[in-house]
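Asks: Residue numbers (our numbering): 7 to 427.
Ideal Cβ placement from N, Cα and C applies to all residues, glycine included.
Just so you know, these numbers come straight off a predicted model, no measurement behind them.
Can you read through this structure? Questions will come right after.
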(Lines of atoms letter the chains of each structure in order from A and count residues from 1; the text may use other names and numbers.)
(Lines give C-alpha, C1' and ligand atoms only; values in the text may rest on other atoms or scores of the structure.)
Protein backbone atom coordinates (compact mmCIF):
# COMPACT_ATOMS: atom_id res chain seq x y z
CA UNK A 1 0.00 0.00 0.00
CA UNK A 2 2.75 2.44 0.98
CA UNK A 3 5.06 1.64 -1.91
CA UNK A 4 2.25 2.02 -4.42
CA UNK A 5 1.50 5.51 -3.08
CA UNK A 6 5.14 6.48 -3.44
CA UNK A 7 5.23 5.12 -6.97
CA UNK A 8 2.28 7.19 -8.15
CA UNK A 9 3.49 10.34 -6.48
CA UNK A 10 6.85 9.96 -8.23
CA UNK A 11 5.13 9.29 -11.54
CA UNK A 12 7.14 6.10 -12.20
CA UNK A 13 4.34 3.56 -11.86
CA UNK A 14 4.38 0.73 -14.39
CA UNK A 15 2.96 1.31 -17.83
CA UNK A 16 -0.78 1.15 -18.20
CA UNK A 17 -2.32 -2.22 -18.83
CA UNK A 18 -4.40 -2.29 -21.99
CA UNK A 19 -6.52 -5.27 -21.06
CA UNK A 20 -7.70 -4.22 -17.62
CA UNK A 21 -10.68 -2.06 -16.65
CA UNK A 22 -9.70 0.82 -14.32
CA UNK A 23 -13.24 1.05 -12.94
CA UNK A 24 -13.31 -2.69 -12.16
CA UNK A 25 -9.98 -2.63 -10.33
CA UNK A 26 -10.92 0.56 -8.48
CA UNK A 27 -14.10 -1.13 -7.25
CA UNK A 28 -12.15 -4.23 -6.18
CA UNK A 29 -9.60 -2.09 -4.37
CA UNK A 30 -12.29 -0.17 -2.49
CA UNK A 31 -14.24 -3.32 -1.56
CA UNK A 32 -11.22 -5.40 -0.55
CA UNK A 33 -9.63 -2.50 1.36
CA UNK A 34 -12.81 -2.03 3.36
CA UNK A 35 -13.24 -5.75 4.01
CA UNK A 36 -9.62 -6.16 5.16
CA UNK A 37 -10.18 -3.97 8.23
CA UNK A 38 -13.59 -5.50 8.95
CA UNK A 39 -12.38 -9.09 8.60
CA UNK A 40 -9.54 -8.35 11.03
CA UNK A 41 -11.99 -6.92 13.58
CA UNK A 42 -14.45 -9.81 13.15
CA UNK A 43 -11.61 -12.32 13.48
CA UNK A 44 -10.63 -10.85 16.87
CA UNK A 45 -14.22 -11.20 18.10
CA UNK A 46 -14.93 -14.87 17.27
CA UNK A 47 -14.64 -17.41 20.10
CA UNK A 48 -13.26 -20.92 19.68
CA UNK A 49 -11.94 -23.73 21.87
CA UNK A 50 -8.16 -23.77 22.19
CA UNK A 51 -5.37 -25.13 24.33
CA UNK A 52 -4.99 -22.06 26.56
CA UNK A 53 -7.53 -20.99 29.16
CA UNK A 54 -9.11 -17.58 28.72
CA UNK A 55 -7.77 -16.51 32.11
CA UNK A 56 -4.39 -17.62 33.41
CA UNK A 57 -5.80 -18.20 36.92
CA UNK A 58 -8.89 -20.08 35.66
CA UNK A 59 -8.57 -23.48 33.94
CA UNK A 60 -12.32 -23.97 33.42
CA UNK A 61 -12.87 -21.80 30.34
CA UNK A 62 -11.17 -22.60 27.03
CA UNK A 63 -13.69 -21.08 24.60
CA UNK A 64 -11.82 -17.82 24.10
CA UNK A 65 -11.96 -14.95 21.64
CA UNK A 66 -9.36 -15.09 18.88
CA UNK A 67 -7.51 -11.93 19.94
CA UNK A 68 -4.38 -12.83 18.01
CA UNK A 69 -2.88 -9.66 16.45
CA UNK A 70 0.41 -11.41 15.65
CA UNK A 71 -1.36 -14.19 13.73
CA UNK A 72 -3.19 -11.64 11.59
CA UNK A 73 0.21 -10.14 10.71
CA UNK A 74 1.36 -13.60 9.60
CA UNK A 75 -1.69 -13.85 7.34
CA UNK A 76 -0.86 -10.47 5.82
CA UNK A 77 2.77 -11.42 5.19
CA UNK A 78 1.70 -14.64 3.46
CA UNK A 79 -0.63 -12.67 1.18
CA UNK A 80 2.09 -10.13 0.40
CA UNK A 81 4.57 -12.91 -0.41
CA UNK A 82 2.29 -14.12 -3.20
CA UNK A 83 2.94 -10.82 -4.98
CA UNK A 84 6.48 -12.08 -5.66
CA UNK A 85 4.93 -14.96 -7.62
CA UNK A 86 2.73 -12.55 -9.54
CA UNK A 87 5.77 -10.37 -10.31
CA UNK A 88 8.17 -13.10 -11.47
CA UNK A 89 5.66 -15.67 -12.70
CA UNK A 90 2.91 -13.56 -14.30
CA UNK A 91 4.83 -10.36 -14.94
CA UNK A 92 2.32 -8.17 -13.07
CA UNK A 93 3.88 -4.80 -12.30
CA UNK A 94 7.16 -5.87 -13.92
CA UNK A 95 8.78 -3.12 -16.03
CA UNK A 96 10.26 -3.62 -19.46
CA UNK A 97 13.66 -5.31 -19.45
CA UNK A 98 15.20 -2.87 -21.95
CA UNK A 99 13.93 0.41 -20.51
CA UNK A 100 14.33 -0.58 -16.83
CA UNK A 101 16.71 -3.53 -16.41
CA UNK A 102 17.15 -2.97 -12.67
CA UNK A 103 13.41 -2.95 -12.10
CA UNK A 104 12.89 -5.98 -14.34
CA UNK A 105 15.47 -8.11 -12.54
CA UNK A 106 16.55 -6.77 -9.11
CA UNK A 107 20.03 -7.78 -8.00
CA UNK A 108 20.55 -10.10 -4.99
CA UNK A 109 21.97 -7.12 -3.11
CA UNK A 110 18.80 -5.13 -3.80
CA UNK A 111 16.65 -8.00 -2.53
CA UNK A 112 18.75 -8.23 0.63
CA UNK A 113 18.19 -4.55 1.34
CA UNK A 114 14.46 -5.20 1.72
CA UNK A 115 15.12 -6.64 5.19
CA UNK A 116 14.75 -3.22 6.85
CA UNK A 117 11.45 -2.02 5.33
CA UNK A 118 10.11 -5.57 5.79
CA UNK A 119 10.96 -5.41 9.50
CA UNK A 120 9.39 -1.97 9.80
CA UNK A 121 6.29 -3.16 7.94
CA UNK A 122 5.94 -6.09 10.32
CA UNK A 123 6.32 -3.80 13.34
CA UNK A 124 3.84 -1.18 12.17
CA UNK A 125 1.29 -3.84 11.22
CA UNK A 126 1.37 -5.61 14.57
CA UNK A 127 1.23 -2.29 16.48
CA UNK A 128 -1.82 -1.29 14.44
CA UNK A 129 -3.47 -4.69 14.92
CA UNK A 130 -2.93 -4.55 18.67
CA UNK A 131 -4.63 -1.16 18.68
CA UNK A 132 -7.49 -2.56 16.60
CA UNK A 133 -8.21 -5.11 19.36
CA UNK A 134 -9.37 -2.24 21.60
CA UNK A 135 -10.85 0.37 19.26
CA UNK A 136 -13.61 0.35 16.67
CA UNK A 137 -12.83 -0.23 13.00
CA UNK A 138 -13.70 3.33 11.97
CA UNK A 139 -11.58 4.95 14.71
CA UNK A 140 -8.69 2.68 13.72
CA UNK A 141 -8.96 3.55 10.04
CA UNK A 142 -9.18 7.31 10.64
CA UNK A 143 -6.32 7.41 13.15
CA UNK A 144 -4.08 5.86 10.52
CA UNK A 145 -4.28 9.17 8.67
CA UNK A 146 -1.82 10.58 11.21
CA UNK A 147 0.99 9.05 9.11
CA UNK A 148 1.01 12.38 7.21
CA UNK A 149 2.34 14.12 10.33
CA UNK A 150 5.25 11.75 10.89
CA UNK A 151 6.08 11.46 7.19
CA UNK A 152 6.36 15.22 6.89
CA UNK A 153 8.67 15.52 9.90
CA UNK A 154 10.95 12.70 8.78
CA UNK A 155 11.08 13.87 5.16
CA UNK A 156 12.53 17.16 6.40
CA UNK A 157 14.96 15.62 8.89
CA UNK A 158 16.19 12.67 6.81
CA UNK A 159 15.59 13.59 3.17
CA UNK A 160 16.19 17.31 3.39
CA UNK A 161 12.87 18.16 1.78
CA UNK A 162 11.26 21.57 2.17
CA UNK A 163 7.73 21.89 3.50
CA UNK A 164 5.58 24.66 2.07
CA UNK A 165 2.91 26.62 3.89
CA UNK A 166 0.11 24.40 2.58
CA UNK A 167 1.95 21.39 4.05
CA UNK A 168 1.93 22.96 7.50
CA UNK A 169 -1.76 23.82 7.18
CA UNK A 170 -2.47 20.22 6.15
CA UNK A 171 -0.53 18.82 9.11
CA UNK A 172 -2.53 21.10 11.43
CA UNK A 173 -5.77 19.74 9.93
CA UNK A 174 -4.63 16.15 10.47
CA UNK A 175 -3.67 16.87 14.09
CA UNK A 176 -7.11 18.39 14.72
CA UNK A 177 -8.75 15.40 13.03
CA UNK A 178 -6.85 12.87 15.19
CA UNK A 179 -7.83 14.77 18.34
CA UNK A 180 -11.50 14.84 17.28
CA UNK A 181 -11.57 11.16 16.36
CA UNK A 182 -9.71 10.12 19.51
CA UNK A 183 -12.06 12.16 21.69
CA UNK A 184 -15.08 10.63 19.98
CA UNK A 185 -13.71 7.13 20.51
CA UNK A 186 -13.08 7.55 24.23
CA UNK A 187 -16.33 9.43 24.90
CA UNK A 188 -18.41 6.81 23.08
CA UNK A 189 -17.00 4.26 25.50
CA UNK A 190 -17.82 6.49 28.48
CA UNK A 191 -21.40 6.81 27.24
CA UNK A 192 -21.63 3.04 26.88
CA UNK A 193 -20.38 2.53 30.41
CA UNK A 194 -23.05 4.96 31.67
CA UNK A 195 -25.85 3.37 29.68
CA UNK A 196 -25.35 5.25 26.41
CA UNK A 197 -28.00 6.89 24.30
CA UNK A 198 -30.14 3.79 24.41
CA UNK A 199 -30.68 4.21 28.09
CA UNK A 200 -29.64 0.65 28.80
CA UNK A 201 -26.74 -0.98 30.49
CA UNK A 202 -25.80 -3.46 27.80
CA UNK A 203 -22.08 -3.21 27.27
CA UNK A 204 -22.17 -5.39 24.21
CA UNK A 205 -23.87 -2.90 21.94
CA UNK A 206 -20.77 -1.36 20.49
CA UNK A 207 -17.92 -2.89 18.58
CA UNK A 208 -15.33 -1.78 21.15
CA UNK A 209 -17.61 -1.57 24.19
CA UNK A 210 -15.79 -4.38 25.97
CA UNK A 211 -12.72 -2.15 26.07
CA UNK A 212 -12.34 0.31 28.93
CA UNK A 213 -11.53 3.96 28.31
CA UNK A 214 -7.92 3.34 29.34
CA UNK A 215 -7.67 0.42 26.87
CA UNK A 216 -9.06 2.58 24.06
CA UNK A 217 -6.48 5.27 24.84
CA UNK A 218 -3.73 2.63 24.85
CA UNK A 219 -5.10 1.31 21.55
CA UNK A 220 -4.97 4.78 20.02
CA UNK A 221 -1.37 5.19 21.22
CA UNK A 222 -0.45 1.87 19.60
CA UNK A 223 -2.01 2.99 16.30
CA UNK A 224 -0.18 6.32 16.46
CA UNK A 225 3.09 4.49 17.18
CA UNK A 226 2.37 2.30 14.16
CA UNK A 227 2.09 5.40 11.98
CA UNK A 228 5.48 6.66 13.22
CA UNK A 229 7.03 3.34 12.19
CA UNK A 230 5.13 3.54 8.90
CA UNK A 231 6.65 6.95 8.19
CA UNK A 232 10.16 5.52 8.70
CA UNK A 233 9.21 2.65 6.43
CA UNK A 234 8.15 5.09 3.70
CA UNK A 235 11.59 6.72 3.80
CA UNK A 236 13.41 3.40 3.40
CA UNK A 237 11.06 2.26 0.63
CA UNK A 238 11.52 5.51 -1.24
CA UNK A 239 15.26 4.92 -1.28
CA UNK A 240 14.80 1.38 -2.62
CA UNK A 241 12.53 2.55 -5.43
CA UNK A 242 14.32 5.76 -6.40
CA UNK A 243 17.94 4.77 -5.80
CA UNK A 244 17.90 0.99 -6.16
CA UNK A 245 15.19 0.96 -8.83
CA UNK A 246 13.01 -1.77 -7.35
CA UNK A 247 9.49 -2.09 -8.79
CA UNK A 248 6.62 -1.56 -6.28
CA UNK A 249 5.05 -5.02 -6.78
CA UNK A 250 8.41 -6.73 -6.34
CA UNK A 251 9.03 -4.72 -3.17
CA UNK A 252 5.66 -5.78 -1.72
CA UNK A 253 6.40 -9.44 -2.51
CA UNK A 254 9.91 -9.32 -1.04
CA UNK A 255 8.63 -7.65 2.12
CA UNK A 256 6.18 -10.52 2.45
CA UNK A 257 8.91 -13.14 2.03
CA UNK A 258 11.18 -11.40 4.52
CA UNK A 259 8.25 -11.14 6.92
CA UNK A 260 7.65 -14.90 6.67
CA UNK A 261 11.32 -15.48 7.53
CA UNK A 262 11.04 -13.19 10.56
CA UNK A 263 8.10 -15.21 11.81
CA UNK A 264 10.16 -18.41 12.11
CA UNK A 265 11.93 -17.22 15.30
CA UNK A 266 9.13 -14.82 16.27
CA UNK A 267 6.47 -17.51 16.50
CA UNK A 268 8.68 -19.57 18.82
CA UNK A 269 9.54 -16.61 21.05
CA UNK A 270 5.95 -15.38 21.29
CA UNK A 271 4.66 -18.86 22.11
CA UNK A 272 7.23 -19.44 24.87
CA UNK A 273 6.86 -16.06 26.59
CA UNK A 274 4.78 -16.10 29.81
CA UNK A 275 1.02 -15.60 29.46
CA UNK A 276 -0.80 -12.96 31.47
CA UNK A 277 -4.37 -11.82 32.08
CA UNK A 278 -3.29 -8.26 31.33
CA UNK A 279 -4.69 -7.03 28.03
CA UNK A 280 -1.30 -5.54 27.18
CA UNK A 281 0.23 -9.05 27.19
CA UNK A 282 -0.76 -9.39 23.52
CA UNK A 283 2.39 -7.39 22.81
CA UNK A 284 4.79 -10.07 24.04
CA UNK A 285 2.80 -13.32 24.16
CA UNK A 286 0.79 -15.23 21.58
CA UNK A 287 0.59 -19.03 21.44
CA UNK A 288 0.69 -19.96 17.75
CA UNK A 289 -0.05 -23.62 18.50
CA UNK A 290 -3.21 -22.48 20.29
CA UNK A 291 -4.03 -20.26 17.29
CA UNK A 292 -4.07 -23.20 14.87
CA UNK A 293 -6.05 -25.33 17.34
CA UNK A 294 -8.68 -22.59 17.59
CA UNK A 295 -8.83 -22.35 13.80
CA UNK A 296 -9.29 -26.12 13.53
CA UNK A 297 -12.10 -26.14 16.10
CA UNK A 298 -14.14 -23.38 14.48
CA UNK A 299 -15.14 -23.49 10.79
CA UNK A 300 -16.50 -19.96 11.19
CA UNK A 301 -13.16 -18.66 12.45
CA UNK A 302 -11.27 -20.52 9.73
CA UNK A 303 -13.60 -19.01 7.11
CA UNK A 304 -13.09 -15.48 8.43
CA UNK A 305 -9.30 -16.01 8.53
CA UNK A 306 -9.37 -17.23 4.93
CA UNK A 307 -11.53 -14.25 3.95
CA UNK A 308 -9.01 -11.92 5.60
CA UNK A 309 -6.18 -13.54 3.63
CA UNK A 310 -8.09 -13.29 0.33
CA UNK A 311 -9.09 -9.65 0.83
CA UNK A 312 -5.49 -8.67 1.61
CA UNK A 313 -4.33 -10.46 -1.52
CA UNK A 314 -7.10 -8.86 -3.59
CA UNK A 315 -6.19 -5.44 -2.21
CA UNK A 316 -2.52 -5.81 -3.15
CA UNK A 317 -3.35 -6.96 -6.68
CA UNK A 318 -6.10 -4.42 -7.37
CA UNK A 319 -4.14 -1.50 -5.92
CA UNK A 320 -1.29 -2.33 -8.30
CA UNK A 321 -3.63 -2.18 -11.29
CA UNK A 322 -5.08 1.09 -10.00
CA UNK A 323 -1.52 2.42 -9.81
CA UNK A 324 -0.98 1.41 -13.43
CA UNK A 325 -4.22 2.82 -14.85
CA UNK A 326 -5.41 5.72 -12.68
CA UNK A 327 -4.01 8.95 -11.32
CA UNK A 328 -2.88 9.88 -7.82
CA UNK A 329 -6.03 12.01 -7.48
CA UNK A 330 -8.29 8.99 -7.96
CA UNK A 331 -6.13 6.86 -5.69
CA UNK A 332 -6.36 9.41 -2.86
CA UNK A 333 -10.14 9.61 -3.28
CA UNK A 334 -10.37 5.80 -3.11
CA UNK A 335 -8.34 5.74 0.11
CA UNK A 336 -10.69 8.30 1.64
CA UNK A 337 -13.69 6.27 0.47
CA UNK A 338 -12.12 3.22 2.06
CA UNK A 339 -12.15 4.96 5.44
CA UNK A 340 -15.76 6.00 4.95
CA UNK A 341 -16.59 2.50 3.69
CA UNK A 342 -15.25 0.89 6.86
CA UNK A 343 -17.42 3.16 8.98
CA UNK A 344 -20.52 2.65 6.83
CA UNK A 345 -20.03 -1.13 6.90
CA UNK A 346 -19.63 -1.05 10.70
CA UNK A 347 -22.93 0.83 11.02
CA UNK A 348 -24.61 -1.62 8.64
CA UNK A 349 -23.35 -4.60 10.65
CA UNK A 350 -24.86 -3.07 13.79
CA UNK A 351 -28.24 -1.92 12.50
CA UNK A 352 -29.00 -4.17 9.52
CA UNK A 353 -27.29 -7.45 10.41
CA UNK A 354 -27.68 -7.02 14.20
CA UNK A 355 -23.99 -7.81 14.71
CA UNK A 356 -23.60 -5.64 17.78
CA UNK A 357 -20.35 -7.17 18.97
CA UNK A 358 -18.50 -6.16 15.77
CA UNK A 359 -20.66 -3.37 14.35
CA UNK A 360 -20.70 0.20 15.55
CA UNK A 361 -23.67 2.14 16.91
CA UNK A 362 -24.37 5.75 15.99
CA UNK A 363 -24.14 7.94 19.07
CA UNK A 364 -24.09 11.66 19.76
CA UNK A 365 -20.29 11.47 19.60
CA UNK A 366 -20.43 10.01 16.09
CA UNK A 367 -21.09 13.52 14.81
CA UNK A 368 -17.71 14.52 16.23
CA UNK A 369 -16.15 11.50 14.55
CA UNK A 370 -17.78 12.52 11.26
CA UNK A 371 -16.36 16.01 11.65
CA UNK A 372 -12.95 14.50 12.33
CA UNK A 373 -13.22 12.45 9.15
CA UNK A 374 -14.05 15.56 7.11
CA UNK A 375 -11.07 17.45 8.53
CA UNK A 376 -8.82 14.42 7.97
CA UNK A 377 -9.94 14.20 4.35
CA UNK A 378 -9.22 17.89 3.83
CA UNK A 379 -5.78 17.59 5.43
CA UNK A 380 -4.86 14.53 3.33
CA UNK A 381 -5.85 15.94 -0.07
CA UNK A 382 -4.47 19.38 0.77
CA UNK A 383 -1.08 17.92 1.75
CA UNK A 384 -0.80 16.22 -1.64
CA UNK A 385 -1.86 19.43 -3.39
CA UNK A 386 -4.98 17.80 -4.83
CA UNK A 387 -7.08 20.59 -3.29
CA UNK A 388 -5.55 24.05 -3.14
CA UNK A 389 -6.13 26.10 -0.01
CA UNK A 390 -7.56 29.52 -1.06
CA UNK A 391 -5.39 31.47 1.39
CA UNK A 392 -2.17 29.94 0.03
CA UNK A 393 -0.70 31.73 -2.96
CA UNK A 394 -0.40 30.01 -6.34
CA UNK A 395 3.34 30.71 -6.35
CA UNK A 396 3.73 28.40 -3.34
CA UNK A 397 2.16 25.49 -5.20
CA UNK A 398 4.23 26.28 -8.28
CA UNK A 399 7.43 26.23 -6.23
CA UNK A 400 6.47 22.86 -4.72
CA UNK A 401 5.73 21.43 -8.18
CA UNK A 402 9.06 22.63 -9.56
CA UNK A 403 10.91 21.12 -6.59
CA UNK A 404 9.21 17.76 -7.15
CA UNK A 405 10.06 17.83 -10.85
CA UNK A 406 13.69 18.66 -10.09
CA UNK A 407 13.90 15.80 -7.59
CA UNK A 408 12.34 13.39 -10.09
CA UNK A 409 14.85 14.49 -12.76
CA UNK A 410 17.78 13.88 -10.39
CA UNK A 411 16.45 10.40 -9.59
CA UNK A 412 15.96 9.62 -13.28
CA UNK A 413 19.51 10.66 -14.07
CA UNK A 414 20.83 8.58 -11.18
CA UNK A 415 18.86 5.53 -12.33
CA UNK A 416 20.09 6.01 -15.90
CA UNK A 417 23.70 6.09 -14.77
CA UNK A 418 23.20 3.02 -12.56
CA UNK A 419 21.55 1.12 -15.44
CA UNK A 420 24.43 1.90 -17.77
CA UNK A 421 27.04 0.98 -15.19
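Roughly how many angstroms lie between the CA atoms of residue 29 and residue 323, to the nearest whole one?
Replies: 14 Å
Asks: Report back the beta-carbon spacing between residue 35 and residue 402 to the nearest angstrom; my notes put them in contact at under 8 Å.
Replies: Going by Cβ atoms, the distance from residue 35 to residue 402 rounds to 32 Å, so no, they are not a contact pair.
Asks: Near residue 411, what residues of its chain come up, given a Cβ to Cβ distance below 6 Å and the 5 sequence neighbours on each side ignored?
Replies: none
Asks: Who are the Cβ neighbours of residue 169 in its own chain at under 7 Å, not counting the five residues just before and after it?
Replies: 158 and 162
Asks: Can you tell me whether DSSP reads residue 41 as helix, strand or coil?
Replies: In the displayed model, residue 41 falls within a helix according to three-state DSSP.
Asks: Any idea what DSSP makes of residue 408, helix, strand or coil?
Replies: helix
Asks: Please report the distance separating the alpha-carbon of residue 62 from that of residue 117.
Replies: 43 Å
Asks: Comparing alpha-carbon positions, which option in 357, 72, 392 and 225 lies nearest residue 6?
Replies: Summary: the structure shown does not reach residue 6, with the chain confined to residues 7 through 427, and so no result is reported for it.
Asks: Which class does residue 130 belong to by DSSP, given the choice of helix, strand or coil?
Replies: helix
Asks: Identify, in the order they occur along the chain, each residue of the same chain with its Cβ nearer than 8 Å to the Cβ of residue 391, setting aside the five sequence neighbours on each side.
Replies: 172, 403, 406 and 407
Asks: So what does residue 322 bridge to, in DSSP terms?
Replies: DSSP, once it has assigned bridges, lists no residue as partnering residue 322.
Asks: Report the rounded CA-to-CA distance for residue 137 versus residue 103, giving the unit in angstroms.
Replies: 42 Å
Asks: Could you tell me the alpha carbon to alpha carbon distance between residue 281 and residue 150, rounded to whole angstroms?
Replies: 29 Å
Asks: Under the three-state reduction of DSSP, which class applies to residue 55: helix, strand or coil?
Replies: strand
Asks: Going by DSSP, what residues sit across from residue 70 in a beta bridge?
Replies: 54
Asks: Tell me the rounded alpha-carbon separation between residue 239 and residue 250.
Replies: 15 Å
Asks: Counting C-beta neighbours from all protein chains within 10 Å, is the total for residue 246 16 or more, i.e. buried, or is it exposed?
Replies: buried
Asks: Let me know the secondary structure DSSP gives residue 61 once reduced to three states.
Replies: In the structure shown, the three-state DSSP call for residue 61 is strand.
Asks: Helix, strand or coil: how does DSSP classify residue 156 here?
Replies: helix
Asks: Considering only residues of the same chain and omitting the five flanking positions on each side of residue 374, which have a CB-CB separation below 6 Å?
Replies: The residues are 186 and 190.
Asks: At the level of alpha carbons, what is the spacing between residue 267 and residue 54?
Replies: 28 Å
Asks: So, with DSSP's three-state summary, where would you put residue 301?
Replies: helix
Asks: What number of angstroms, rounded off, separates the C-alpha of residue 85 from the C-alpha of residue 192?
Replies: 33 Å
Asks: According to the neighbour-count rule (16 or more other Cβ atoms, all chains shown, within 10 Å of its Cβ), is residue 397 buried or exposed?
Replies: Exposed, since its Cβ has fewer than 16 Cβ neighbours within 10 Å.
Asks: Quick check on residue 101: does DSSP put it in helix, strand or coil?
Replies: coil
Asks: Short check: CB of residue 352 to CB of residue 142, under 8 Å?
Replies: Going by C-beta atoms, residue 352 is nearer than 8 Å to residue 142.
Asks: Look at the Cβ atom of residue 188, then the Cβ atom of residue 226, and state whether they are nearer than 8 Å.
Replies: yes
Asks: Please state if the CB of residue 131 and the CB of residue 348 are separated by a distance shorter than 8 Å.
Replies: no
Asks: CA-CA distance, residue 377 and residue 393?
Replies: 18 Å
Asks: Assuming residue 82 contacts residue 318 under a Cβ cut-off of 8 Å, what Cβ separation, rounded to an integer in Å, is found between them?
Replies: 5 Å
Asks: Shortest alpha-carbon distance to residue 45 belongs to which of 70, 67 and 74?
Replies: 74
Asks: Indicate the three-state DSSP secondary structure (helix, strand or coil) for residue 296 in the structure shown.
Replies: helix
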